[in-house]
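Undergrad: I'd like to ask you about the structure that follows.
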């Protein structure tokens, strides 16, 4: 038998793997590219965070200012449901806090903000579900809200234009249900917008006026916090006073304490904008409505607020309203004459709001803003709103 030698089998090159050198070279390239990618990501992460924080501030400010615009434009609404009265009662009440030019309302490190850093304002609107009523004593005489034992008495409320009260005792009882403990009522003179407020400390009942048995709403003397004994219409502020929303806590020439059966009593649903300083290093803009503070998710409009100023333009009886001049100190309002705290003259409101990103505590963070040199960025927004109900008699 003839022996045959078979040729050596050729290796298929497609089955060959990477050499060790090739693997090391590929690993080195991957390490370089991966390191560069991570370094680039680390470099841009702060910029991304910065932009996210700025977007958060912008959204918060814009949402807050949009809510203010809506509320201010309706200031003075629902005063006289179903009644056409060309009057101009108070609609926006501003509390300016003026810091001396050489002073500072902030202290410490980190900065702690004080109450004088921020303004506040209240939008006064009537309760659309409670018709305006006329006040009197049990004999139909004019009432006084002055806190003296000789003049203070029960206040009776009747339906508009009626001297005999509601159609029945049951109708009066139903109307009285609208007036509850904690409500703030605005009393307005029919012939000139002289006004004051009272705050109920008990629910209303029904009572009798001139023999019309239980056909009137009755506010017993013990049920309402009353006004000053010395200055007509002036009230005390705070939750225990007659005016927690500061509508009548600073004297002006439109306050009064005497109201008759042709005048008006309005149940209010005020809306107040102010800055909460529970955490003085994080001022928080809040909105409180109707005498009852809303829950936190509804109440808080924006955090990290570092500026909140409110100015007004006033009706001047000569050239209408000068909307080019805004006044930022309610204690020195002037429309050609001194009209301090006279909020019945407000015809336009300017609100300026400044927010910031969360302060950076990293000592390597070198950025300082040009607003107050803080280690954060700031954004501002300003708006002018004309309350549409405040020029009915102009």
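In the numbering used here, the protein residues as written are 591 to 984. Using N, Cα and C, we set each Cβ at its ideal position, and we do this for glycine too.
Quick check on residue 857: buried or exposed, where buried means 16 or more other Cβ atoms within 10 Å of its Cβ?
TA: Counting from 1 along the chain shown, the entry for residue 857 is found at position 267. So residue 857 counts as buried.
Undergrad: Would you kindly check if the distance between the Cβ of residue 806 and the Cβ of residue 762 is under 8 Å?
TA: Working through the chain shown from its first residue, we reach residue 762 at position 172. Working through the chain shown from its first residue, we reach residue 806 at position 216. Taking 8 Å as the Cβ cut-off, residue 762 and residue 806 qualify as a contacting pair.
Undergrad: Candidates 902, 949, 861, 946: which alpha carbon is nearest residue 930's?
TA: One-based indexing of the chain shown puts residue 930 at position 340. Of 902, 949, 861, 946, the residue nearest in Cα terms is 902.
Undergrad: Considering only the alpha carbon of each residue, which of 765, 816, 689 lies closest to residue 796?
TA: One-based indexing of the chain shown puts residue 796 at position 206. Closest option to residue 796, Cα to Cα, is 765.
Undergrad: Would you mind sorting residue 676 into buried or exposed? The rule is 16 or more other CB atoms within 10 Å of its CB.
TA: The residue given as residue 676 occupies position 86 in the chain shown. Interpretation of residue 676 is limited by its pLDDT of 49, a score under 50 that renders its predicted location unreliable; the figure taken from the coordinates is listed afterwards. Per the 10 Å Cβ criterion, exposed.
Undergrad: At 3 residues or longer, what runs of the beta strand (DSSP E) sit wholly inside the segment 761-809?
TA: Listed in chain order, the complete beta strand (DSSP E) runs (minimum 3 residues) inside the segment 761-809 are 774-778, 785-790, 795-799, 802-809.
Undergrad: Once you ignore the five residues that flank residue 887 on each side, which residues in its own chain have a CB closer than 6 Å to its CB?
TA: Mapped onto the chain shown, residue 887 falls at position 297. Unreliable placement is indicated for residue 887, whose pLDDT of 43 sits below 50; no coordinate value is reported for it.
Undergrad: Return helix, strand or coil for residue 1034, following the three-state DSSP convention.
TA: Beyond the ends of the chain as shown, which are 591 and 984, falls residue 1034; an answer cannot be given.
Undergrad: Taking C-alpha atoms, which residue in 649, 751, 775 lies nearest to residue 825?
TA: As a position in the chain shown, residue 825 is number 235, starting the count at 1. Here the closest residue by C-alpha is 775.
Undergrad: Hey, residue 862 and residue 710: beta-carbon distance below 8 Å or not?
TA: Taking the chain shown and counting its residues from 1, the one referred to as residue 862 is at position 272. Taking the chain shown and counting its residues from 1, the one referred to as residue 710 is at position 120. Result yes, Cβ atoms of residue 862 and residue 710 sit closer than 8 Å.
Undergrad: Work out the CA separation of residue 864 and residue 954 for me, nearest whole Å.
TA: For this step, residue 954 is matched to residue 364 along the chain shown. For this step, residue 864 is matched to residue 274 along the chain shown. Distance between the alpha carbons of residue 954 and residue 864: 35 Å.
Undergrad: Going by Cα to Cα distance, which pick from 839, 965, 956, 948 is closest to residue 643?
TA: Counting from 1 along the chain shown, the entry for residue 643 is found at position 53. Closest option to residue 643, Cα to Cα, is 948.
Undergrad: Give a yes or no on contact between the segment 650-657 and the segment 962-972, applying the rule of three or more CB pairs nearer than 8 Å.
TA: The segment 650-657, when compared against the segment 962-972, does touch it at the 8 Å Cβ threshold.
Undergrad: Among the residues of its own chain, which have a CB less than 7 Å from the CB of residue 852, if the five just before and after it don't count?
TA: Residue numbering aside, residue 852 sits at position 262 when the chain shown is read from its first letter. These residues qualify, in order along the chain: 724, 780.
Undergrad: Buried or exposed: residue 932, going by 16 or more other Cβ atoms within 10 Å of its Cβ?
TA: Your numbering for residue 932 matches position 342 in the chain shown. Result: buried.
Undergrad: Among residues of its own chain, excluding the 5 on either side of residue 812, which ones have a beta-carbon nearer than 8 Å to its beta-carbon?
TA: Numbered from 1 along the chain shown, position 222 holds the residue referred to as residue 812. These residues qualify, in order along the chain: 791, 792.
Undergrad: Kindly provide the ranges of any beta strand (DSSP E) runs that are 3 or more residues long and lie completely inside the segment 669-717, ordered along the chain.
TA: Fully enclosed beta strand (DSSP E) runs of 3 or longer: 682-685, 710-713.
Undergrad: What does the alpha-carbon distance come out to for the pair residue 905 and residue 936?
TA: As a working mapping, residue 905 is identified with position 315 in the chain shown. As a working mapping, residue 936 is identified with position 346 in the chain shown. Roughly 6 Å between the two C-alpha positions.
Undergrad: Buried or exposed, going by whether 16 or more other CB atoms sit within 10 Å of the CB of residue 705?
TA: Numbered from 1 along the chain shown, position 115 holds the residue referred to as residue 705. It is exposed - the Cβ of residue 705 has fewer than 16 other Cβ atoms within 10 Å.
Undergrad: Please report how far the alpha carbon of residue 885 lies from the alpha carbon of residue 921, in whole angstroms.
TA: Sequence index remark: in the chain shown, residue 885 carries index 295 (1-based). Sequence index remark: in the chain shown, residue 921 carries index 331 (1-based). Note that residue 885 has pLDDT 45, beneath the 50 cutoff, so the model's placement of it is unreliable and the number below is only indicative. Approximately 33 Å, taken between the alpha carbons.
Undergrad: Does the beta-carbon distance from residue 679 to residue 871 come in below 8 Å?
TA: Here residue 679 refers to the residue found at position 89 of the chain shown. Here residue 871 refers to the residue found at position 281 of the chain shown. Cβ distance not < 8 Å, so residue 679 and residue 871 don't count as in contact.
Undergrad: In whole angstroms, what is the alpha-carbon distance linking residue 859 and residue 926?
TA: On the chain shown, residue 859 is found 269 positions in, with the first residue counted as 1. On the chain shown, residue 926 is found 336 positions in, with the first residue counted as 1. So the two alpha carbons sit approximately 32 Å from each other.
Undergrad: Less than 7 Å separating the Cβ of residue 780 from some heavy atom of the ligand GDP?
TA: Absence of the ligand GDP from the depicted structure is noted, as is the absence of any ligand whatsoever, leaving it without description.
Undergrad: Taking 8 Å as the threshold (C-beta atoms), are residue 874 and residue 893 in contact?
TA: The residue labelled residue 893 in the question sits at position 303 within the chain shown. The residue labelled residue 874 in the question sits at position 284 within the chain shown. Yes, Cβ-Cβ distance for residue 893 and residue 874 is below 8 Å.
Undergrad: Rounded to whole angstroms, what is the Cα-Cα separation between residue 974 and residue 907?
TA: In the chain shown, counting from the first residue as 1, residue 974 sits at position 384. In the chain shown, counting from the first residue as 1, residue 907 sits at position 317. Looking at the two C-alpha atoms, the distance is approximately 21 Å.
Undergrad: Less than 8 Å between the beta carbons of residue 708 and residue 961, yes or no?
TA: As a position in the chain shown, residue 708 is number 118, starting the count at 1. As a position in the chain shown, residue 961 is number 371, starting the count at 1. Against a cut-off of 8 Å, the Cβ pair of residue 961 and residue 708 comes out as no contact.
Undergrad: In chain order, what residues of the same chain have a beta carbon less than 6 Å from the beta carbon of residue 818, not counting five sequence neighbours either side?
TA: As a working note, residue 818 is residue 228 in the chain shown. These residues qualify, in order along the chain: 824.
Undergrad: On the DSSP letters alone, give me the boundaries of the beta strand (DSSP E) that residue 970 sits inside.
TA: By 1-based counting over the chain shown, the position of residue 970 is 380. Its beta strand (DSSP E) spans residues 968-975.
Undergrad: Please list, in chain order, all residues of the same chain as residue 730 whose beta carbon is under 8 Å from its beta carbon, the five residues on each side excluded.
TA: Mapped onto the chain shown, residue 730 falls at position 140. Result list for residue 730: 753, 799, 800, 851, in chain order.
Undergrad: What is the DSSP secondary structure of residue 652, counted as helix, strand or coil?
TA: Residue mapping note: residue 652 aligns to position 62 of the chain shown, counting from 1. Reduced to three states, the DSSP call for residue 652 is helix.
Undergrad: Whose C-alpha, out of 720, 757, 783, is nearest the C-alpha of residue 767?
TA: Locating residue 767 in the chain shown gives position 177, where the first residue counts as 1. Ranking 720, 757, 783 by Cα distance to residue 767 puts 720 first.
Undergrad: So, at 6 Å on beta carbons, what are the nonlocal neighbours of residue 810 in its own chain, with the 5 sequence-adjacent residues on each side left out?
TA: Position 220 of the chain shown holds residue 810. Cβ within range, chain order: 744.
Undergrad: Once DSSP output is grouped into helix, strand and coil, what is the label at residue 747?
TA: The sequence position of residue 747 within the chain shown is 157, counting from 1. Residue state, collapsed to three classes: strand.
Undergrad: What does a CB cutoff of less than 7 Å around residue 821 pick up in its chain, not counting 5 residues either side in sequence?
TA: Counting from one through the chain shown, the residue named residue 821 turns up at place 231. So the list reads 841, once near-sequence residues are dropped.
Undergrad: Taking residue 832 and residue 789 to be in contact with their CB atoms under 8 Å, please state how far apart those CB atoms are, rounded to whole angstroms.
TA: Residue numbering aside, residue 832 sits at position 242 when the chain shown is read from its first letter. Residue numbering aside, residue 789 sits at position 199 when the chain shown is read from its first letter. Right, the Cβ-Cβ distance comes to about 5 Å (below 8 Å), so this counts as a contact.
Undergrad: Give me the DSSP bridge partner(s) of residue 737.
TA: Here residue 737 corresponds to residue number 147 of the chain shown, with the count starting at 1. According to DSSP, which records beta bridges pairwise, residue 737 is partnered with nothing at all.
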